[in-house]
Each structure stands twice: as C-alpha cells, then as structure tokens.
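With this note's numbering applied, the sequence shown closes on residue 765, and no number is skipped along the way.
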Amino acid sequence: TKAVGVRQAAQDDRATVLQENGLWLEGTRGPLPGAGDWTHQYADPGNTTCGYDTRVKTPLRLLWYGEPGPLGMISRHQRAPAPLAAQGVLFVQCENWVEAYDAYNGVRLWRREFPKVVRRTVSHDCSNLAADKDSFYVVHRNVCHQLAARTGETLATFAVPKGLTDSWGWLARLDGLLLGSARNGGRSANAVFAYDVASGKMLWTFKARNMLHPSLSAGDGKLFLVDDSVDLEKRQDALRKRLRGLEPAYAEKLLKEAPVRTVICLDTATGKPVWQRPLDLTGGIGGLYWSSLGSMYRNGVLVIFGIYSDGHYWQQFFGGQFESRRIVALNAKDGTDRWEKQIGYRVRPLIIEDTLHAEPWAYSLQTGAQQMRKNPVTGAKEPWQFARPGHHCGCPAASVNCLFFRSGYIGYYDLINDGGTVHFSSQRTGCWINFIPANGLLSIPEASSGCMCPFANMTTVVFEPGTEDRTWTKFSLEGVTTPVRELCLNLGGPGDRKDDSGKLWLAYPRPRGSLVLPLKVKPANYSGGGAFKDGIDFNKVTGTTEPWLYASGYRGLRTLSVPVMAPGDGEAAYTVRLHFAETQGAKPGQRLFGIKVQGKPVAAGFDTVALAKGAKRALVREFRGIEAVETIEIALATPNAKPTPEQMPLVQAVEVIRERVLKVGLMADQPPLLNRKRPTTKAVVRITNHKADAFKGSLRLRPPAGMKVTPATKSVSVASGQRLE
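Following this line, the structure appears as structure tokens:
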C-alpha cells in the first residue's frame, strides 16, 4: 500500500518509475516545473548570462552545503570557467579534474581526471565546458570529450579538424551540433567548425583572420563572429557617418585608427555566410580597463559590446570616465542597424528575456530605450538601477526573476519585488561567475580558493525557493528624494524592506555603499540614546501585519528633521504617522513623553504601553494637515532633563505622506550688485509646479525705488510636475 502511494505521489510530481519489485519501488523524479539549465559559460550559446529558470525566486533558503570545497580548486584570481547545471546534475571543474554532483542533495556522482584541465582568465577568453540534457563536454588540450552526465563515462571524442591549429578554444552545443574554434594563439581563433554529435561527423569549417573568443555567440541556427579583417573600402563605408564634415587631417587619422571589424553570420547547418558587414566598434574596443570584445544573441537581436574588467572602479565611474563605452545592436536576420548607444556601464552586460542589463541600468533589447521605474519617495519616473556595494569583482548572472553577483558577500536582487540588493554574509563568491540558477536551485560551488579575507565559510552552498522572507536590502535610487510624496522610515532597521502592500520602508540610519540611496534626515538624541536593532524572534509584536517593523527603533530620539520639499518647490500639506511599540521592558507610567510636529503639540503624556494596552503591541498615531515648506520637524519631549533608558521616548517608524500641494514654488537667483559701471543685469526666476493640475497665472516683479525691472509682469503657464525658468 505504501509503495502504491509513493508511486502515485511520484507520478503527480512528474516522476518516471524505473523498476517495481514487490514492496520495493525505484523511481526518478522528472524535471521540476519551471526548472532550467545552465549549459555554457554564459548560460547558453547566445551568451545571455541568463539561465531562464523561472522556479528560482526569492525568498531563498539553504538546501544543502558541503563539497566541493577549496581543495583542488584553482585560485579565485585565475577566474576558472563557470560551473554548469542541467537535468538535476551540477558540473564543476577543478584544477586537474572535472566532477558531477546531484544538485538536490550534494552527493558526488563521479570524478574524471584530466591533468591541468582548468582554463584560466575566462573573463578575457572562453570556457572549455558545455553541457546538454544527457552529456557533459570538456575540452582537454586539442580534444573535446563527451561524457555521460550521470556516470562520467566517455561517450565520444572530437578533435580539432585537420589543417587547423591543434588547440581547441571555444565550444558550444546547439541543435545537434558541437561547435568549436581553432586557437590562433592567445585568446583568439582563426577558424570555427561544426560536428554532428550523433554521428561524430565533421560537417564544415570556416576560416577567418582573427576572432576574439568572447565575440563568438550562437542561436536559432546562426553563429555570429567578429573578425579582424577589413579593407580600406569597407573601413570607409563603416565610418561614413563619422567622417562626414571632419577636417581632412582628423578624418585621415580616424580612418586609420578607428577599430573597424567585420561582423559575420554563419548558417550553423552549412557553415556558409548568411551576411557580413563592416562595423565601427569605437567604444567597444579599447579604453579604460578593456579586456575583450563580446557578443550576445537573443530574440533576433545581436548585441556587440566591450568587456571591461571588474567593477572596483567607483571613482572613475562617478567621474564619467566610462561614458565613452558603447553598445551596438544589429538585426540578426540581415545585420542591419537596430540601435546603438553610449552607456557608461561597469562590467559585462547580460540579457533577460527582452531586457538588456548594463550595470547598473537596464534597457529594451529591441529598441535600446532605458527602463524606467517610479521613485517610491517622490513618485517621479527615473532610470531603474541597482546597487552592488562592497568589493565586487566579477559580473552579474541571472535567472528570469533575479540577478546574482558578488557584493562583498553573496549578493542577489529580486527583479520581481524590486526592493533592493540582498546579502548572504559570511561567504564570498568567486572572481567571475560561480552562482548558477538552474535545476530550480541557486547553486554556488566553492570558488574563493586562496582568498586571505576572513570569510567564515569556504564551501559549496545551494539554495532553494522558500516561503518566509526575512531579508533586508539596500535600495538604489539616483538620490533625489524631494518633493516627498510618500516617505516611510524604519528607524534603526538593519536594511530596507517592502511590506506586503509593496510599500518601501527605508532604514535609518542608512545602509552604506555606492549607489545606495542616501537620505538627509537629521535626528538628535538625548544623551545615551540612539538606534537599536532586536531580532524579530525576540521581539514579537502583535497588532500588526508587519511585526519586523517594530523589532528596531530609536530610543531617546529628541527631534527628527525630515526634508520634504527642496528650496523653491512650494508648500504642501502632509499626513505624519508615528509607529510605537514598547519592546524594551518599560512599565505603564514609566516612559512618558510629549509629541510636537512643526512646533505644535499634538500629544501630551504619551504612554505607549498604556495606550496599546500592553507591551509588544503595535500603536500608530496619525496627524493630518501638517503644512511644510522645506522640512517637517518632529519633537519628542520628556519631563526629565536627563531621562534614563526606561524614560526615553521610543519610536519605531515614521511615515510622511503628501495630502496635497498648497502653493507652487517661486525662487530667483541672487543677482549681482549693480553700480555705475554695471547698471544692468539679468536674473533667472524659477517657478515649480508640483500641484496635480497645470498652473496659470502672472509673475509680478516690484523693484526698489529708483530701479526698473523688465518685464514687470509676465504671464506664466507651468504643467504639473514641471519647472519653468
């Protein structure tokens, strides 16, 4: 009976029964719904760096940890190939062997020795690994070995075709084919070729002059390559737009030095060119920290870009030194222009479905239009971005739902929730890619070998989707937080977090890190007061759907100044909500304080534990119609000049919500002094309208006696959300 029940449960979960013998039942579960594969260095032959696994999503929880560890791994600075994952198997390359693990429990399935098999500096070159649903492919010297995915036994071998160099470089599995390249010395190739995997027959070769390995990509029956071969006529054709109107001397210099290459599209079935064209790759070849040229293919679009080392260089990024970096998108069908754009991105881009991510921003793959989002504080539309604070060599990788990367520790970003960067501390990733979203899991094989930093763990960790979200984030915005439409402060919070309604609560004091949203909130404390953090398990507050909001707070807060409008933005009315809970053990009558907003008393003798009718119970007080020009001032006053910790005001969160804009903003530049030598001058007047409707009126200027202003009266019309100068 139990065996029958197990069989039925297995069938419901897409299992395949292998053998039934009396009371014993052996079965193999089929692929998890939504689980995907990661079969190449950058996920697929198109180099998208997205695994298209829809099952991997936050919140994540630990499934298992263990082998492989650092023993046998090459130093993290050598940037070994990415692990691969397919059909429930996790493949890992070590310095002298390759091995496979059951992705769901960490059991090692097999190991095969290949002396010095590891590839180095894959960030500048290419991997020597690939996989499909049944096999694992590893290039060792000039031979590609096809190994059975679950046993490691050799199924076939493939050699570099005769007449080419005897060193195999790049490889890919696509549509029954094994694609490869013949090295041309270093990190480039002078030929590509194709084998039929089923028969082992070599189908075709295509010779070129010099192709950088990262510029090879494939998909939908096409192989794309960028060759360093172009004659003068083609150079002129590629540079025609840029040469137009230039001085002859500069035009001649540009014609000679511009990085023009030939982009070629091959039919993978025949190896014959489908199209080819010269392309100006200025901004994609050369420049600060350039390491190679890359290409990606997805949904009919071929993207060509420069690969730049790491993301350490914040000073140069903020200084605009990356702004010359340029991405070019072509129609893969015929090679015609689709779009091009200068984007000061930081490291290797990636593609998720129809979105191109070029850190820290995102763009439409089809049009190049920048992806926008609503600023959760101001409500304005602005470019989407994410933060990767801390030491963070390497480039991001992705599933459909998340970005994964190094950010000091293991870092990831939930693209669905869009709530900020999450960190899993005590462990770092490798220096390129070793975080693999596939098999319905996030697998992170050990890749920190040789690191001298004091990270606690050097092991493989594997995560699965969970149900309970206990994460804190670091949210990224351009930095503009006025005029405030809705600002939610989680005082003392370990990080930022969205509640169940989608409202973003920003921690204060702010988490640190480049591109992490700053806030100009100014608190002042009683002596000995300050922010505190308690674990939610030790401070379980009732009477709220968000108990985590009350596990931290400010004890001893005297005043809090919250900027809500920039100078010249006008005046608005706000609702102020204060959140309280007695979590620090004070008794009724012990913690008493008054509350003022904008200098006006709104509560006296406030006793949280008494008003909430008990400790660890949430209490919210709301004050409407609070008018403000630039800041909202909140004051908490105790009857004691030097309150003890039990007497200090205690507050957990603050909300400031705009009700309506009362006045448009008016601001003028301070004009220079006038004198006989300079009897006239000009000044700029700015009118800002944050009201819901357009503003129409007159601007009247009254000069001092003896002076004249022109015009003295001017009709003005300012649309909602706009500024007129």
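Ideal Cβ placement from N, Cα and C applies to all residues, glycine included.
Predicted model, so just to flag it, every value in this text is computed and none were measured.
* **Selection from T671, E670 and Q687 that minimises the alpha carbon distance to A677** => As a working mapping, residue 677 is identified with position 637 in the sequence shown. Of T671, E670 and Q687, the residue nearest in Cα terms is Q687.
* Might you give, ordered along the chain, the residues of its own chain that have their beta carbon closer than 6 angstroms to the beta carbon of K97, omitting 5 neighbours on each side? => On the sequence shown, residue 97 is found 57 positions in, with the first residue counted as 1. For K97, same chain residues with a beta-carbon under 6 angstroms away, outside a window of 5 residues either side, are N441 and P505 in chain order.
* Spatial neighbours of M747 within its chain, please: CB distance less than 6 angstroms, with the 5 preceding and 5 following residues excluded, ordered by chain position. => Here residue 747 refers to the residue found at position 707 when the sequence shown is read from its first residue. No residues qualify anywhere along the chain.
* Considering only the beta carbon of each residue, do L702 and E667 sit closer than 8 angstroms? -> By 1-based counting over the sequence shown, the position of residue 702 is 662. By 1-based counting over the sequence shown, the position of residue 667 is 627. Yes; because the gap between Cβ atoms is below 8 angstroms, this pair is in contact.
* To do: Kindly indicate the opening and closing residues of the beta strand (DSSP E) around R280.
  => Within the sequence shown, the letter at position 240 stands for residue 280. Run containing R280: none in the beta strand (DSSP E); it sits in the alpha helix (DSSP H), R280 to L283.
* To do: Drop a sphere of 10 angstroms on the beta-carbon of Q692, count the other beta-carbons inside from all chains shown, and report buried for 16 or more, exposed for fewer.
  => Locating residue 692 in the sequence shown gives position 652, where the first residue counts as 1. Q692 comes out buried.
* **Residues bridged to P641 [DSSP beta-bridge criterion]** => For the purposes of this step, residue 641 is taken as residue 601 along the sequence shown, with counting starting at 1. Note: P641 sits in a beta bridge opposite K636.
* **Sequence-distant residues of its chain with Cβ nearer than 6 angstroms to G399 (five each side left out)** => As a first step, residue 399 must be located in the sequence shown, where it is residue number 359. Position check: residue 399 holds Glu in this sequence, whereas Gly was assumed. For E399, where only same-chain residues beyond five positions count, the Cβ hits under 6 angstroms are Y385, R386 and V387.
* When L713, V758, A125 and L546 are compared against A734, the one with the closest alpha-carbon -> Start at 1 with the first residue of the sequence shown, and residue 734 comes out as number 694. Selected option, being the one with the closest Cα: V758.
* Secondary structure at K156, three-state DSSP: helix, strand or coil? -> For the purposes of this step, residue 156 is identified with residue 116 of the sequence shown, where counting begins at 1. K156 falls in the coil class under three-state DSSP.
* To do: Look at the alpha carbon of D374 and the alpha carbon of P110, and state the distance between them as a whole number of angstroms.
  => Translated into positions along the sequence shown, residue 374 becomes position 334. Translated into positions along the sequence shown, residue 110 becomes position 70. If I take the Cα positions, the gap works out to 47 angstroms.
* Contact with chain C by A606, beta-carbon distance below 8 angstroms -> The structure shown contains no chain C, having only a single protein chain.
* Would W104 pass as a contact of G91 if the rule is Cβ separation under 8 angstroms? -> Indexing the sequence shown from 1 puts residue 104 at position 64. Indexing the sequence shown from 1 puts residue 91 at position 51. No, these two residues do not count as a Cβ contact at 8 angstroms.
* In its own chain, which residues sit with a C-beta less than 7 angstroms from the C-beta of P628, not counting the 5 before and 5 after it? -> Indexing the sequence shown from 1 puts residue 628 at position 588. D647, V649 and A650.
* With 16 other Cβ atoms within 10 Å as the buried cut-off, status of W354 -> On the sequence shown, position 314 is the one that residue 354 refers to. Exposed: under 16 other Cβ atoms inside 10 Å.
* To do: Could you check if K262 is buried or exposed, using at least 16 other CB atoms within 10 Å of its CB as the buried criterion?
  => For this step, residue 262 is matched to residue 222 along the sequence shown. It is buried - the Cβ of K262 has at least 16 other Cβ atoms within 10 Å.
* How far does the alpha helix (DSSP H) with Q467 in it reach, from first residue to last? -> To locate residue 467, count along the sequence shown from 1; it is residue 427. Looking at the DSSP string, Q467 is not in any alpha helix (DSSP H), and its letter there is neither H nor E.
* To do: Along the beta strand (DSSP E) that carries W244, what are the first and last residues, could you check?
  => Locating residue 244 in the sequence shown gives position 204, counting from the first residue. M242 to L252 is the extent of the beta strand (DSSP E) around W244.
* To do: Could you pull out every unbroken alpha helix (DSSP H) segment of at least 4 residues lying fully inside the stretch 266 to 339, listed in chain order?
  => 272 to 278, 280 to 283 and 288 to 297
* When you compare each of L333, Y337 and G340 to G845 by their alpha carbons, which one comes out closest? -> Residue numbering for the chain in the displayed model covers 41 to 765; residue 845 lies beyond these limits and cannot be assessed.
* Asked: In this structure, does DSSP put A650 in helix, strand or coil?
  -> As a position in the sequence shown, residue 650 is number 610, starting the count at 1. If DSSP states are grouped into helix, strand and coil, A650 belongs with the helices.
* CB G323 to CB Q361, shorter than 8 angstroms? -> Residue 323 sits at position 283 when you count from the first residue of the sequence shown. Residue 361 sits at position 321 when you count from the first residue of the sequence shown. Taking the C-beta atoms as reference points, Q361 is found no nearer than 8 angstroms to G323.
* To do: On the DSSP bridge assignment, give the partners of G259 in chain order.
  => As a first step, residue 259 is located in the sequence shown; it is residue number 219 there, counting from the start. According to DSSP, G259 bridges with K262.
* Determine the burial state of F358: buried for a count of at least 16 other Cβ atoms within 10 Å of its Cβ, exposed for fewer. => Position 318 of the sequence shown, counting from 1, holds the residue named residue 358. Exposed, because fewer than 16 other Cβ atoms sit within 10 Å of the Cβ of F358.
* Check whether the stretch 534 to 547 touches the stretch 575 to 594, taking contact to mean three or more Cβ pairs, one atom from each stretch, closer than 8 angstroms. => yes
* Asked: Leaving out five residues before and five after L781 in sequence, what residues of the same chain have Cβ atoms less than 6 angstroms from its Cβ?
  -> Outside the shown range of the chain (41 to 765) lies residue 781, about which nothing can therefore be said.
* Reducing DSSP to helix, strand and coil, say where P477 ends up. => Within the sequence shown, residue 477 is the residue found at index 437, counting from 1. Note: P477 maps to strand in three-state DSSP.
* **Coil, strand or helix - F735 by DSSP** => What you label residue 735 is simply residue 695 of the sequence shown in a count that begins at 1. Reduced to three states, the DSSP call for F735 is strand.
* **Straight-line Cα distance separating L219 from T41** => Position 1 of the sequence shown, counted from the start, is the residue given in the question as residue 41. Position 179 of the sequence shown, counted from the start, is the residue given in the question as residue 219. Because the pLDDT at T41 is just 46, under 50, the model does not fix this residue reliably, and the value given afterwards should be weighed accordingly. Straight-line Cα distance between these residues: approximately 51 angstroms.
* Since F233 is in the beta strand (DSSP E), which residue starts that stretch and which ends it? -> Sequence index remark: in the sequence shown, residue 233 carries index 193 (1-based). Residues S228 to D236.
* **Inside the stretch 370 to 409 only - beta strand (DSSP E) runs reaching at least 3 residues** => 377 to 382, 390 to 392, 395 to 398 and 401 to 404
* Per DSSP, S601 is paired with what? -> Taking the sequence shown and counting its residues from 1, the one referred to as residue 601 is at position 561. K562 and E673.
* Asked: If you check the beta carbons only, do A229 and S221 fall under 8 angstroms apart?
  -> Along the sequence shown, one-based indexing puts residue 229 at 189. Along the sequence shown, one-based indexing puts residue 221 at 181. Yes, the Cβ-Cβ distance between A229 and S221 is below 8 angstroms.
* Beta-bridge pairing of Y348 - partner residues as DSSP gives them -> Mapped onto the sequence shown, residue 348 falls at position 308. Looking at the DSSP assignment, Y348 forms a beta bridge with W330.
* **Proximity to R726 [Cα-Cα], best of A487, P607 and G665** => Taking the sequence shown and counting its residues from 1, the one referred to as residue 726 is at position 686. The candidate whose alpha carbon is nearest that of R726 is P607.
* Would you call the stretch 140 to 151 and the stretch 456 to 473 in contact, with 3 or more CB pairs under 8 angstroms? -> Touching, no.
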